[in-house]
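Take a look at the structure set out below.
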Amino acid sequence: MLGRAVAFAWLGLMPAGAALAEPTYTMLGFDDLNGWAADDHQAALSTFLNTCRDINDPEWENLCAYAADAPDAKAFFELFFQPVLIEDGEPMLFTGYFEPELRGSRTRGGEYQHPIYAVPDDLVPGQPYATRRELQEGDLLAGKGLEIAWLADPVDLFFLQVQGSGRVKLPDGGGLRVGYGGKNGRDYSSVGLELVNRGIFEQHQVSADVIRNWVNDNPEEGRELLWVNDSYVFFREVSEVPADKGPLGAMNRSITTMRSIAVDPSITKLGAPVWIEKEGADPLNRLMIAQDTGSAIKGAQRADIFYGTGDQAGRDAGRIKDTGRIVVLLPIQRAFAKLPDDVIE
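Heads up: the sequence shown is residues 1488 to 1832, going by our numbering.
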């Protein structure tokens, strides 16, 4: 979700900050998309309609208006869009993300000692604020009424900040939802990479469960480990989002399980249809909608698939580190404008 540091970045399994080459654009046909004819295009169209009205662009607004008139979904995409393969020299990497469900309370007490904070009034976006250690060790935010809820597990709080949104199950059986509100302007450091650098694990051994278990088995060292990451995420309550809807993505609309992906918005327009061909143990050919972003999602061939809510979704998302390709569906005129002049002539 918005502001989220995606899984393989915080695990330390991918480089950060590398310079990317200027994107190149290759026109494809729908016959070039593996599995295109077999997909559920109506499901993709429904997801597209969730956010297309929010694209502030006349060409996209016209497409959205037509899509709302319930056309044949497959024909709609084939008639008005052109598949475009955008590349920048980097290999494709798919990862997965999810919305965690955590145990918590509206009030502090007993095992519930780890606060989910709302955005402080004195936080200035883009400027450095207190570090994670300073916020958790000191009383900088005490007495300001910023506690949205209290969690039972400090590692849950850390992972909640990684994912950027979550559901909190309350002791009385009720619940609340939180979404990304802001961050402290500090650089993210990978705790997974730190464990590797300390010689505790090999890189291929690091996973969310491994980090969680190590922190729980080594409470004092575990707390210090999490403090290696200066970055800290603040939240807002979004309990008005219906329980049957996904969390809010970067377009401030609910995202859809297995139909929404996070992309690099400097390359792929948020709200655009994107065809994915994910390889690996569970291949997936599917039309997705680009409705989210993430701190680690940089480059033309980089995408994060939303796997849903809860523990099973987390396990499914955590297994994804696959190659393949993504092909953006651009409005036809917009697509041809990307062609080099010598090709057009």
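Ideal Cβ placement from N, Cα and C applies to all residues, glycine included.
- Counting other Cβ atoms within 10 Å of its Cβ, Gly1733 reaches 16 or more and is therefore classed as buried.
- By the Cβ neighbour-count rule, Ala1824 is exposed, with fewer than 16 other Cβ atoms within 10 Å of its own.
- In terms of Cβ geometry, Gly1805 and Ala1695 form a close pair [threshold 9 angstroms].
- In the pairwise beta carbon analysis, the stretch 1748 to 1761 is classified as touching the stretch 1775 to 1791: at least three pairs are separated by under 8 angstroms.
- DSSP, reduced to helix, strand and coil, places Gln1569 within a strand of the structure shown.
- In this structure, the alpha-carbon of Gly1811 lies about 18 angstroms from that of Ala1524.
- Non-local beta-carbon contacts of Thr1744 in its own chain, meaning distances under 8 angstroms to residues more than five positions away in sequence, involve Gly1733, Phe1793, Tyr1794, Gly1795, Thr1796, Ala1800 in chain order.
- DSSP places Lys1561 within a helical segment (H, G or I) once states are collapsed to three.
- Within the DSSP bridge table, the entry for Leu1663 names Val1655 as partners.
- Around the C-beta of Lys1670, 16 or more other C-beta atoms lie within 10 Å, and the residue is accordingly described as buried.
- Each residue's CA atom was taken as its position, placing Leu1713 and Val1761 some 35 angstroms apart.
- In chain order, Leu1550, Pro1818, Ile1819 place their CB closer than 7 angstroms to the CB of Phe1567, counting only its own chain and leaving out the 5 sequence neighbours on each side.
- In the structure shown, Ile1635 adopts extended strand secondary structure according to DSSP, grouped into three states.
- Under DSSP, Lys1765 shares a beta bridge with Leu1771, Gly1811.
- By DSSP's assignment, Lys1825 forms no beta bridge with any residue.
- In the assembly as shown, Pro1570 is a buried residue. Its beta-carbon has 16 or more other beta-carbons within 10 Å.
- Taking C-beta separations shorter than 6 angstroms and ignoring five residues to either side along the sequence, the partners of Pro1602 in its chain run Glu1634, Trp1637, following chain order.
- Rounded to whole angstroms, Leu1771 and Gly1625 show a C-alpha spacing of 47 angstroms.
- Annotation: the continuous beta strand (DSSP E) that includes Val1720 extends over 1720 to 1724.
- Residue pairing by DSSP places Leu1816 opposite Pro1570 in a beta bridge.
- Around the C-beta of Glu1727, fewer than 16 other C-beta atoms lie within 10 Å, and the residue is accordingly described as exposed.
- In the DSSP annotation of this structure, the continuous segment of the alpha helix (DSSP H) that includes Ala1804 starts and ends at 1798 to 1805.
- The stretch 1667 to 1682 makes contact with the stretch 1716 to 1726: 3 or more CB pairs, one atom from each, lie closer than 8 angstroms.
- Asp1659 is the residue among Asp1541, Asp1659, Ala1530 whose C-alpha sits nearest the C-alpha of Thr1594.
- In this structure, the straight-line span from the alpha carbon of Gly1758 to that of Phe1563 is close to 16 angstroms.
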